[in-house]
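Residue 960 in the UniProt record's numbering sits at position 960 of the sequence shown; the count goes up by one each step and never skips. Don't be surprised by glycine CBs; every beta carbon is placed ideally from N, CA and C.
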Amino acid sequence: MIGTWTDGGLVDAEIELALRHDTSEKDRLLASPPPIALHREPVEYVAIVPYGASTWRLALYALLCVASGGVLCIVVSWWPHLFTVVARAHGVSMADADYVLVTGANGEVEEAIVHHEDPRFRWFEFKKQRYLYASAKHKFERVASVLHERCGAALQRLETGLTTALADERTRLYGANTIEIPSAPLHRVLFEKLVHPFYLFQIISVVLWLQEEYYTYSMAILGMSLSSILYEVYTQVMNAKQMQALVHCDATVMVVRDSSLRELMAADLVVGDIVDISAGAVAADMVLLVGDCTTDESSLTGEAIPVTKQRLGDHRVHVDDTTLSKSVVLFAGSTVLRTMGRCKGVVLKTGFSTSKGELFRSILFPNDIPFRIVSDSYRYLLALGAIALLTTVQRIYDAIAANSSLYDLLISVFDLISTAIPAALPMILTVGIGFSLTRLQAANIFCIDAQRINVGGHLDCFCFDKTGTLTTETLDFLGVDTCDGSGITEPSAHFLMGLAACHGLTETYGAISGYPLEMSMFASTSCSLQMTRHGLLVLRDGSEWLRYRDRFSFDATVQRSSVVVQAEDASLLAFVKGSPEALHEICVPASLPSDFDAIVHQYVCQGYYVLALGHKTLKRDDVESDVLFLGFLLFVNPIKPESEWVIETLQAAAIDVHIITGDNALTAVHVAREVGLQLRPHIVLVDLVHDSLQYKMHYGCDKDASISIDMFEEPQQLGVWHRLRDAIVFDALLEQYDVAMTGAALELVAQDTTFESLLPRLIGDTKIFARVKPQTKTWIVQQLMAQGKYVGMTGDGTNDCGALKAAHVGLALSDAEASIVAPFTSRNKDIRDVVALIQEGRCALTTSLLAFKYMVMYPVIETTLITVINHVQATFSNNQYLFDDLVVVLGLSVLMLRTGPSALLTRERPPDSLFAPAVLGSIAGQTALFGLFFALPLWLAHSQDWFCALPDVASGRKPCFAYQPDESGDMTVHAHEVSIVWTTGHLQYLLLAIAFNLKDPFRKSVWTNASFVLYTLGMTVLLSYILLSPESDLNMAWLDLTTPLPPTFCRQVFGIFVINAITAVACEAGVRKWTAQ
């Protein structure tokens, strides 16, 4: 939205300030630029609450932080808005606010400072955008630093530029021309990691374990947790530094200020500045007003091809016109390679409003993608917390009944809590992701967001760019068709001249650069280019053949480009190249073949990229009219040999595949068929024809056949356009045929309420989207995600950045800077990495679910063991805890995660929730078996004559062994209950590790995980020895099993364990089979 800023007198003040500093007539002329028209953009917040500064409230907050021992600071780190609520004054108006509490679209809450150093306007910054207060509307509006001015007005200032006063005013309004990436201090990053609920609980647990002299396990958990924290801090800091390096700019620019040319820092540029352009980095978005130049935009597009920029010739157009051709705009972040003559431009956008700034804003503030498993994990922890609460209540009751000491009570209660909520859980999950990350890196797939690996296991929809992804990046020149009936043939003299001249190639130090398509075309002529002081020459056999007089670069609005050259005989020739449709409009009808459309259709159906060429003379208005048609240029974009295998593999795995391309619809259909995309014989093409939504039937290259649609009485001719009247017709088409739709048609459908109810189905069912703009690609991906699909996207980084960032999983087949927006980057630039990534995602997700199940069962088992022995005033020794926690559980839980991904991608998918039947069924089944087989030895022991219950021993009723309470109180480790519970209980950890690691469709056989297999075998031998040798030195001296069990009973328990292991494996297999059905 455009408007002049009058609230608070800003516009008048600009001119007044300029005149106050420039009192002469000349100076008043310098101040003649009109007041800046502000660009109001849609706000990016959903709520805003004003607050004022308050010294006493700030002091109160500091006092509460101290009084709470820092707890309030930790809580505020979780919910930052609490600081504003406590430390800021309430009840102030927007006009008087010193702070605002801003709620973003993703629910994030942030305090922003309201700046009012200049009394004429108040502003705050949110997501790197400024919001100015509009007093007339009593609200803050988002304002972008964009120049709104006619080209002619900017041209009048070429020699005068802006005044220093006006430039300073615009700097105060918009800020410096910088892209500042925030980098939190190291201590703050570390603090935020340490106070995360998971890690904070680990730290508290370790501190209390150390109080109990539980040193070894405590230090092991602390070491691994700190390693994980330090790695996360290091990764975050390094990513921030890399981002800062990408946006850092300390270049200087030559700027016209106060009628003189000055050298200024790039940060000092403001919108409206006149810049003298030379080779080097472009510091802001600029519109070229004088001269031509060649730029490298690879840092923005990922496409390392020089781009020719031409001056804006229409003086009436506004420089910020969104329909303005990119050929007149120099983008911040690009590099000027060479200038032709003196070049001047006007600064269009600065800072985060530039193209580069918007790219980095999308990286800094991505849309939140909620992951169900994360929210599910908190529910599980709440359930485990409830178990801890119940067992704590039971323990308090038992302690009171037994007159236990307060110390014993507190220690046992903490043991129950720290056991019920496993402190090792986040570390185990991090290790599992780490193994996957290592495997991906070994495959040259690099990841900047490790949590997205698990999300890759959910994918049920994948979108592909075409050029550079499914096909190669090159377009190979095949030949020409002069439409004389001879098909592909040798070009005529005029045609050859057009091939040699009609392009945007440039020559720099002997090297020709430009778009691959034009380079391939030019190479077929055996000519060469040479830049001289007289301009660019086309050489043939080493001598001058053609001399360029003018070039009109490709204009997307008319789909063509043209050149004017001087031939050897001094005659001027013009050549026009463009899409067949564009050339058809401007060619002399008599020069066109009667079967023009048929020829184009035939070549497009065969997958060729088709351009048309024509020629004539004189000025551009005359050049691009009444052109004599020469013929067609044919290019082929070879399909990558691996593309077919990738598409077939995904489809066999029931993953929905879409192609989203900026290329021609029929070419996209041809590529789709070639790569094996599952399509019905007939395709419905939907496009915007003569400003109306129309469709036509397409099947191969047969344009004469007809087909029937159920709702129509008359057959529909193939290749003939029909108006798409309403949603009913569209629905009928979707029901019977596959659809290929252009971006223009999709945009119209999205805006038309007639098709509102059909839009979700249309997006989901359409296999091919063609002629799609980059922002529309992003929108399509977001719409697919809105339907509940887990969407992947892959592209070569060119115009795919938005979609790669928006998707659940984005894989960039590029190592360009633009690939930093994608969570994953394939350094191999191999589309087969799509399959590898999904395989690893499924493996990682399955591993995470397995680890989560194991770490849920672990506290359930251990809490049960502790509760049972605490009930009789017994406890485990530190050595017993250490053996179970460190040797058995930690060893098994870490090593089981090393199993790699399956080589096959099946139709089955891992559960998408921790509450899925497969997960709940497994946990419930194993819990029931544990309860049964844990109770059986206890029941069996109580029926034996040798068994002495600890209460009977303590009271002296059964003096089977000496009662030995701990020094600290009346808890003891010397009891039959401890020996039975410990020796039988830790066997559960072993058999669960075996049962949970049954072969599944997403991971390799567990036998390929040699370390886990060997460790499991070792644990089986060791635990069996501990059980069957009750009076061994290991048991008596180190494991504190000082009340040995009879050998006969131990053998009975071993038999129960074997049966338990068999039933646990059978239960797990049964649950998987049941849920699969």
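Smallest Cα separation from residue i: which of the options?
i	options	result
residue 635	297, 670, 609, 344	609
residue 987	1042, 591, 1056	1056
residue 983	424, 1014, 888	888
residue 317	297, 309, 287	287
residue 369	850, 807, 899	807
residue 694	669, 741, 654, 681	741
May I have the straight-line CA-CA distance separating residue i from residue j, to the nearest angstrom?
i	j	result
residue 909	residue 834	16 Å
residue 277	residue 345	7 Å
residue 792	residue 461	6 Å
residue 994	residue 107	43 Å
residue 1077	residue 415	42 Å
residue 77	residue 223	24 Å
residue 297	residue 730	40 Å
residue 34	residue 153	The pLDDT assigned to residue 34 is 47, lower than 50, so where the model puts this residue is not dependable, and the model offers no usable value.
residue 385	residue 854	17 Å
residue 495	residue 581	19 Å
residue 262	residue 251	14 Å
residue 992	residue 74	37 Å
residue 423	residue 264	56 Å
residue 566	residue 724	48 Å
residue 169	residue 501	48 Å
residue 616	residue 593	18 Å
residue 511	residue 812	29 Å
residue 18	residue 775	Summary for residue 18: the model assigns pLDDT 36, below 50, so the residue's position carries little reliability; its value from the coordinates is reported in the next sentence. Each residue's alpha carbon lies about 40 Å from the other.
Which of helix, strand or coil does DSSP assign to residue i?
i	result
residue 874	strand
residue 513	strand
residue 808	coil
residue 545	strand
residue 948	coil
residue 50	strand
residue 648	helix
residue 129	strand
residue 29	Caution applies to residue 29, whose pLDDT of 36 falls short of 50 and renders its modelled position unreliable; the model cannot decide the point.
residue 1078	Here the chain comprises residues numbered 1 to 1077, so residue 1078 is not present and cannot be evaluated.
residue 485	coil
residue 694	strand
residue 277	strand
residue 636	strand
residue 1068	helix
residue 1057	helix
If you drop the 5 nearest sequence neighbours on each side, which residues of the same chain put their C-beta closer than 7 Å to that of residue i?
i	result
residue 236	189
residue 647	657, 675, 676, 677
residue 897	431, 432, 435, 847, 851
For the beta strand (DSSP E) containing residue i, list its first residue and its last residue.
i	result
residue 616	608-616
residue 656	656-660
residue 824	824-826
residue 340	335-349
residue 463	461-464
residue 508	506-508
Could you please give the first and the last residue of the uninterrupted alpha helix (DSSP H) stretch that includes residue i?
i	result
residue 254	Segment 252-257 is the beta strand (DSSP E) holding residue 254; no alpha helix (DSSP H) there.
residue 451	451-455
residue 169	164-174
residue 674	665-674
residue 79	Run containing residue 79: none; DSSP gives neither H nor E here.
residue 1022	1010-1028
residue 931	917-942
Check whether the Cβ of residue i sits closer than 6 Å to any heavy atom of the ligand COA, and report yes or no.
i	result
residue 593	With respect to the ligand COA, the structure offers nothing, as it holds no ligand at all.
Going by beta carbon distance, what residues of the same chain come within less than 6 Å of residue i, once the five residues before and after it are set aside?
i	result
residue 183	240
residue 204	none
residue 989	888, 889
Skipping 5 residues on each side, what residues in its chain have a beta carbon closer than 8 Å to that of residue i?
i	result
residue 846	457, 910, 1000, 1002, 1003
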